[in-house]
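K.L.:
129 is the number of the first residue of the sequence shown in the working numbering; add one for each residue after it.
Using N, Cα and C, we set each Cβ at its ideal position, and we do this for glycine too.
Got a structure for you, questions after.
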Amino acid sequence: MASRDLNDLHPEMRSRTEEFLDHCEFCGLSVLIYCTKRDFEEQARLFRQGRSLSEIMAKADELSDKWGRPDLAKILMDVGPQMGLIIVTNAGPGQSMHNYALAADGVPLRDGKPVWGNSDPDDKNVWHNYGLNAVSAGLEWAGHWLRFKELPHTQLPGYDWRELIREAV
129 MASRDLNDLH PEMRSRTEEF LDHCEFCGLS VLIYCTKRDF EEQARLFRQG RSLSEIMAKA
189 DELSDKWGRP DLAKILMDVG PQMGLIIVTN AGPGQSMHNY ALAADGVPLR DGKPVWGNSD
249 PDDKNVWHNY GLNAVSAGLE WAGHWLRFKE LPHTQLPGYD WRELIREAV
């Protein structure tokens, strides 16, 4: 299970996330941080959701051959089948900034309930404010990404999992 504890984050990520939450509170936006550090096994489970065995095997081969991490390939194969028809991440184990305590996922709250949607104009506005506050705190907001936008996701800029995955051996 992924952590929700800000203390599990890299110190700079924790500091910027706390600043982000302060900015949100100042403008009247309540936010629940529901994922901070995520271990490799949890990342493997998330990656497997909605994917065929051939896609999972291709990712395992990539982890082993391209990134030199047969240990992560084994984790991906060993976590077993996962429920869910929707792909929730493109990141295999070791390919997420969460694995290095450099990312956090949160959700804005309206009247104490999570705002997951973004098609209603009010919901879009809430997520827009979420993103503005993240960026003003010095975080990268995945709502600005061109591919696979993830509105809940924030991360510490200046790091790249492609470098971290090789250092973690």
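(1) For I161, tell me which candidate among G234, H272 and L279 has the shortest Cα-Cα distance.
(2) Considering Cα atoms alone, identify which of L134, L204, W255 and M211 is closest to C152.
(3) Do you know offhand how far K194's Cα is from E170's?
(4) By how many angstroms is the C-alpha of E140 removed from the C-alpha of L284?
(5) Taking 6 Å as the limit between beta carbons, can you name the residues of its chain near N257, skipping five residues before and five after?
(6) What is the residue span of the beta strand (DSSP E) that S158 lies within?
(7) The beta strand (DSSP E) with T282 in it runs from where to where?
(8) Just grab the DSSP bridge partners of W269 for me.
(9) Beta-carbon within less than 7 Å of L292's beta-carbon, same chain only, minus the 5 sequence neighbours each way: which residues are those?
(10) Assess contact between the region 206-215 and the region 141-148, defined as three or more Cβ pairs (one per stretch) separated by less than 8 Å. Is contact present?
(11) Touching or not, the region 191-205 and the region 218-226, by the rule of three or more beta carbon pairs under 8 Å?
(12) Could you please give the first and the last residue of the uninterrupted alpha helix (DSSP H) stretch that includes D233?
(13) Quick one: what's P84 bridged to in DSSP?
(14) Give the secondary structure of K241 by DSSP, where H, G and I count as helix, E and B as strand, and everything else as coil.
P.N.:
The structure says:
(1) Here the closest residue by C-alpha is G234.
(2) If we check each option's Cα against that of C152, W255 comes out closest.
(3) So the alpha carbons of these two residues sit roughly 21 Å apart.
(4) The alpha-carbon atoms of L284 and E140 are separated by roughly 8 Å.
(5) Sequence-distant partners of N257 (beyond 5 residues in either direction) whose C-beta falls short of 6 Å from its own C-beta, in its chain, are L157.
(6) Residues S158 to C163.
(7) Per DSSP, T282 belongs to the beta strand (DSSP E) from H281 to Q283.
(8) T282.
(9) Counting only Cβ-Cβ distances below 7 Å, and skipping sequence neighbours, we find Y228.
(10) Contact annotation: the region 206-215 does not touch the region 141-148, with fewer than three C-beta pairs closer than 8 Å.
(11) Segments in contact, yes.
(12) No alpha helix (DSSP H) contains D233, which is instead part of the beta strand (DSSP E) from A231 to R238.
(13) Look at the range of the chain in this structure, 129 to 297, and you will see that residue 84 is not part of it.
(14) The DSSP-derived three-state label of K241 is strand.
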